[in-house]
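A quick write-up on the structure given underneath.
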Amino acid sequence: MLPKNYRLKNKHAFTATYKIQNSFYKNGIIMFVGKKSDNISNPKIGFVVSKKTHKRAVKRNRLKRLMRESIRLIIKNNFDFKNTQSIIFVGKSQALGKSFDEIDNSIKLLLKEIN
RNA sequence: GAAAGUAGUCGGAUAAUCGCGCUUGAAAAAGUGAGGAAAGUCCGUGCAUCUAAGGACAAAUCUCCGGAGAAACUCCGGACGGCGUGAGCCGGUGGAAAGUGCCACAGAAAUGAAAAGCGAAGCCGGUGUGAGCCGGAGUCGGCUUGCGAUGAGCAAGACGAGCAGGGCGAACACUACGCCACUUUGCUAGACUGCCGAUGGAAGUUAUUCACAGGCGAUGGUGCAACGGUGAGGUAAGAGCAUCACCAGCGAUAUCGAGAGGUAUCGGCUAGGUAAACCCAGAUAGGAUGCAAGAUAGAAUUGAAGGUUUUAAAGGCUGUCCGCCAACUUCUAAAUUAUCGCUUGAGAUUAUGAGUAAUUAUAAUACCAGACAGAUGAUUAUCGAGAAACAGAACACGGCUUAUGAGCUACUUUCUUUA
Numbered sequence: 001m002l003p004k005n006y007r008l009k010n011k012h013a014f015t016a017t018y019k020i021q022n023s024f025y026k027n028g029i030i031m032f033v034g035k036k037s038d039n040i041s042n043p044k045i046g047f048v049v050s051k052k053t054h055k056r057a058v059k060r061n062r063l064k065r066l067m068r069e070s071i072r073l074i075i076k077n078n079f080d081f082k083n084t085q086s087i088i089f090v091g092k093s094q095a096l097g098k099s100f101d102e103i104d105n106s107i108k109l110l111l112k113e114i115n
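Structure follows, in C-alpha cells:
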C-alpha cells in the first residue's frame with residue numbers, strides 16, 4: 001500500500017478522472033490521466049482490477065500488488081509527474097500471470113506518455 | 001510384496017535489500033499481521049433494527065433409538081435396510097389399513113383392479129358335428145408242400161379248411177346247442193380258410209384345429225408396478241386352496257434389551273407405488289431483514305421533521321382474520337465527515353480427571369489480523385522434484401458442502417510369495 005497522501009480514495013475522484021478520457025494502453029494495462037494543477041505537490045494514484053478480469057480474488061490481488069510495487073519504486077526514484085492530479089491503472093486479463101519485470105516495463109512506458 | 005479401507009499430519013523453509021496495515025511509544029524503535037478450507041452462503045446461533053401494543057389462525061422447521069450440544073440438513077454410540085470377498089461404506093429412516101390427488105407410454109385391465117379374453121390357437125374337461133388320419137365290409141384276378149432254375153416235369157400229403165371220431169358243461173334220452181382240444185386215424189375238395197395284387201372306401205372310431213354352453217385365473221405378453229414370493233401336494237385344468245415347507249408382510253403372546261429393536265411360538269390369510277403431492281400424527285419455535293445491521297457526535301438556522309385542510313373512499317398496520325389507524329400536500333436543511341459497533345471469545349494452547357465416544361470439569365499460560373479504493377508485498381540467493389495445488393479475512397461463532405500438489409504416520413482388510 002502506498003503512503004496515504006499518494007492514494008486516490010473516493011468515488012468522485014475516480015469518476016472525475018475517468019471523465020477526462022485521457023487514456024493509454026500497453027500490454028493489458030490501461031492508464032487514465034487526470035487534470036494538471038499547479039497547487040499539487042504529488043499525484044494521487046489508484047489501482048483497479050475488476051471481477052470481469054478474473055473470478056478469483058487471489059489472481060486480482062497479485063496483479064494490483066505488482067502494479068503498486070512498480071509505482072512505489074518509481075516514486076522512490078523521484079519521478080517527475082508534471083503536476084498531474086490523479087492517475088488510475090486498470091489491469092486487464094492480458095496482464096494476468098505476467099512477471100514483475102514485464103509489468104514494471106509496461107508501466108514505465110505508459111508514464112512516458114504523461115509528457 | 002501388491003491392491004484397498006479408516007483416522008491423522010503437512011499446507012514451503014532460511015537469509016539479504018526495499019516496502020505496507022494495526023498496537024504501544026513524545027520519538028527512535030519494538031511487537032504483531034490470512035485459511036484448512038478465509039470459498040460456496042446450504043443449515044443453526046449470538047448481536048442489531050423493524051413489525052404501534054395484542055389475540056387467533058395459517059404458513060414454517062424437524063421425524064428410527066439413546067446420548068452430547070446454545071442450536072443445527074450438527075456430532076458420537078447403537079438399531080434397521082442396502083452395497084462390498086473383507087476392513088468398511090452409504091441411507092432426511094413416523095403414517096399409504098382416515099381421506100383426496102397422481103401413476104405418461106405400453107397393456108384386456110393401473111385401484112370400485114373384486115374383473116377380463118388380448119394371443120389368427122390361453123389352459124381344461126363336457127356335449128354336438130365328423131373334415132383329415134385310422135379302420136378295411138364288398139368286388140375281381142392269381143397263387144399254394146418238396147425237389148428242380150420261381151421253367152418243363154417229378155414226388156409227397158406236410159400246410160390250412162370242412163366232416164366224422166375225443167373231452168367238458170348249469171345244455172342233455174338221442175339229436176341239437178356251447179366251450180375246449182385238434183396229438184393220432186379216416187374221408188373231402190383245391191380255394192370256401194389263407195397269401196399276393198388290383199379295385200373299393202361301408203360300419204366303426206377319431207377334435208389341438210369346427211360349433212355350443214361352462215370351469216380356471218395359473219401360463220404368455222405389457223409395464224417401475226398386475227392384489228404376497230418359491231417349491232411341493234392337490235385338481236379335468238387350476239387357484240393360499242380354512243393343504244404343506246421356507247421366506248416377506250400384518251396381528252397376538254412370551255422373552256431379552258434403557259430404547260430403536262432382536263428371538264421364539266401361535267393366529268388369521270395378504271393391504272400396488274407416491275407423503276422431496278395434499279394430508280394425518282408427534283415434536284420445536286413469534287416473524288422479517290442482515291454489520292452497506294445499527295448507534296453517537298459535529299457545522300452560526302431548526303426538530304431531522306414541520307405545515308395545511310376536513311369526513312368520503314382508498315389505503316396502511318411485513319400471509320389471513322379479529323382488532324386498530326382521518327386524509328392531503330409541501331418547505332428548509334452539512335453527508336464526499338469522524339467515532340463506536342470491531343474483535344477477550346458458546347475463544348485458543350497445555351496438563352490432569354470423568355466418559356466407549358461426541359463431549360465435559362478443573363487448573364495454568366498467553367492475548368494472537370481488524371483494513372475501508374481496503375495491509376499481509378516485490379526482487380535476489382540457497383535448500384527442495386519444483387519461480388509448489390486449491391485459494392485471500394471484512395461483525396463473530398458452531399456445522400455442512402465443494403476445491404486441493406507432492407509426501408509422511410498409525411491401525412485394519414483381501415490376495416500372493418517365503419519361512
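First residue of the first sequence: 1, per the numbering used here; consecutive thereafter. We treat Cβ as the ideally placed atom computed from N, Cα and C, and that holds for glycine.
Taking Cβ positions, are G28 and Q85 nearer each other than 7 Å?
no
Where DSSP assigns a beta bridge to R7, which residues make up the other side?
I45
From R72 to I107, what does the alpha carbon distance come to, in whole angstroms?
Their backbone Cα atoms lie some 12 Å apart in a straight line.
First and last residue of the beta strand (DSSP E) that includes I71?
Not the beta strand (DSSP E): I71 falls in the alpha helix (DSSP H), residues 57-76.
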